[in-house]
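Residue numbers (my numbering): 12 to 410. The beta carbon of each residue, even a glycine, is placed where N, CA and C say it ideally should be. Computed from a prediction, not measured in an experiment: that's the story for all the values here. See structure below.
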């Protein structure tokens, strides 16, 4: 039997829904850079150590361009979008022009100024929630609408369109969705964004879409189609990730009541608790993909030019060399250098927005619903094991 036939199949399934696959620990220790087989039969390298993951995310010899041969594809819509130029799939120097359009609206100061509006959305949703009789689903009543309302406000998109966006987000982030379903969802979503941007071009508004249209008209950095593709990514990633983190973070506090009690006793720990949730849960279950432009030696392995590489953020964030007792969930840890938002030039633009949304959401939940608890046994909770962004489909709660 050849080595290729004995390769481990990837992605791996979690044994504990709130912990990364246990195999990651063995790989970090013995095979930190190892080759695996992907669902389509192709192979790629996976990287599990913190320092090696940072290297892949910053070394110019590893490309983020999904159009290049060998780039690892785990989800069907990546095939359909390979010809679309998006900011998170561009290398230098092309990436710079894209990034420049978005830097100012996403600075920490600009996002911090949004905190009162985020608080207003959170308060309004909790007002609606507590008026209902428990049990109810935390995902549909809180976790999803919080970031959806925030991103719609920020982009200048009518909130009435949130249901439309949620539907397509679910299709695009499910690895088991058929390619024809993904194509239909993408076509509709691109058409929606195309129409919104054409409206903004005729009469720019005060939201992010209007500002992007005006900035792009001045710089001519992107074509209309490239701007459409970039906004699609913002819409889908802008609230799906935050929604999943809210729900998973709540589950972590349910699982570790001592940590919940510590937060209730000292709400000043909320920022460090949010950073620890982001580190521990990592959210991107399938990793960050790259392809080698030339031969690279890494972690005792030789990665050949044209071979795909997947940095497993969930594995890297649980590396004891980066975080002592990394498998322990500790709300006092405050791990500011975690890799959940990536690293290097492609580090997530929305990291400040996500962080503030989570701080406001958890701070307010703990204050207003101190007795919040699950309404079903843990083994009945439906986790997103087949989605690109890990999370929970629904979470019945009571108080």
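- Each residue's CA atom was taken as its position, placing residue 159 and residue 31 some 27 Å apart.
- Counting of Cβ neighbours within 10 angstroms places residue 318 among the buried residues, the total reaching 16 or more.
- In this structure the region 395-408 touches the region 259-269; the number of beta carbon pairs closer than 8 Å is three or more.
- Bounds of any alpha helix (DSSP H) do not take in residue 300; it lies within the beta strand (DSSP E) bounded by 299-303.
- The C-alpha of residue 204 lies about 11 Å from the C-alpha of residue 197.
- The DSSP-derived three-state label of residue 271 is helix.
- DSSP places residue 120 inside the alpha helix (DSSP H), whose first and last residues are 119-123.
- Where residue 145 is concerned, there is no enclosing alpha helix (DSSP H), because DSSP gives it neither an H nor an E.
- Scanning its chain for C-beta atoms nearer than 7 Å, with the 5 sequence neighbours on each side dropped, one finds around residue 392 the residues 403 and 406, in chain order.
- Distance check between residue 343 and each of 128, 79, 315 and 283 places 283 closest, using alpha-carbon atoms only.
- A contact between stretches requires three or more CB pairs, one per stretch, nearer than 8 Å, and the region 137-145 fails this requirement with the region 206-219.
- Residue 114 counts as exposed, since fewer than 16 other C-beta atoms from the protein chains shown sit within 10 angstroms of its C-beta.
- Just measuring C-alpha positions, the residue of 20, 25, 36 and 28 sitting nearest residue 336 is 36.
- Look at the beta carbons and you see the region 379-386 not touching the region 323-339: under three pairs across the two are nearer than 8 Å.
- Of all alpha-carbon atoms in 101, 156 and 146, the one lying nearest the alpha-carbon of residue 368 is that of 156.
- In this structure, residue 44 sits near residue 312, with a CB-CB distance shorter than 8 Å.
- With respect to the 8 Å criterion, residue 302 and residue 322 are not classified as neighbours on the basis of their beta carbons.
- Distance check between residue 21 and each of 83, 28 and 71 places 83 closest, using alpha-carbon atoms only.
- Relative to residue 179, the option among 362, 200, 154 and 76 whose CA is nearest is 200.
- At a Cβ-Cβ threshold of 8 Å, residue 18 and residue 39 do not count as neighbours.
- Under the 8 Å Cβ criterion, the region 237-252 does not count as touching the region 275-282, having fewer than three qualifying pairs.
- With 16 or more neighbouring CB atoms inside 10 Å of its own CB, residue 253 falls in the buried class.
- Residue environment: residue 270 is assigned as buried (16 or more neighbouring CB atoms within 10 Å of its CB, all protein chains considered).
- Annotated as proximal: residue 309 and residue 66, with beta-carbon spacing under 8 Å.
- Across the structure, residue 237 and residue 99 are spaced so that their CA atoms are roughly 12 Å apart.
- In this structure, residue 191 sits away from residue 164, with a CB-CB distance that is not shorter than 8 Å.
- Burial check for residue 389: the Cβ neighbour count within 10 Å stays below 16, so the residue is exposed.
- Judged by their CB atoms, residue 401 and residue 281 are not nearer to each other than the 8 Å cut-off.
- Distance from the CA of residue 360 to the CA of residue 366, rounded to the nearest whole angstrom, comes to 12 Å.
- A Cβ-Cβ separation of about 5 Å places residue 85 in contact with residue 297 under the 8 Å criterion.
- Straight-line spacing of the CA atoms in residue 68 and residue 75 works out to 9 Å.
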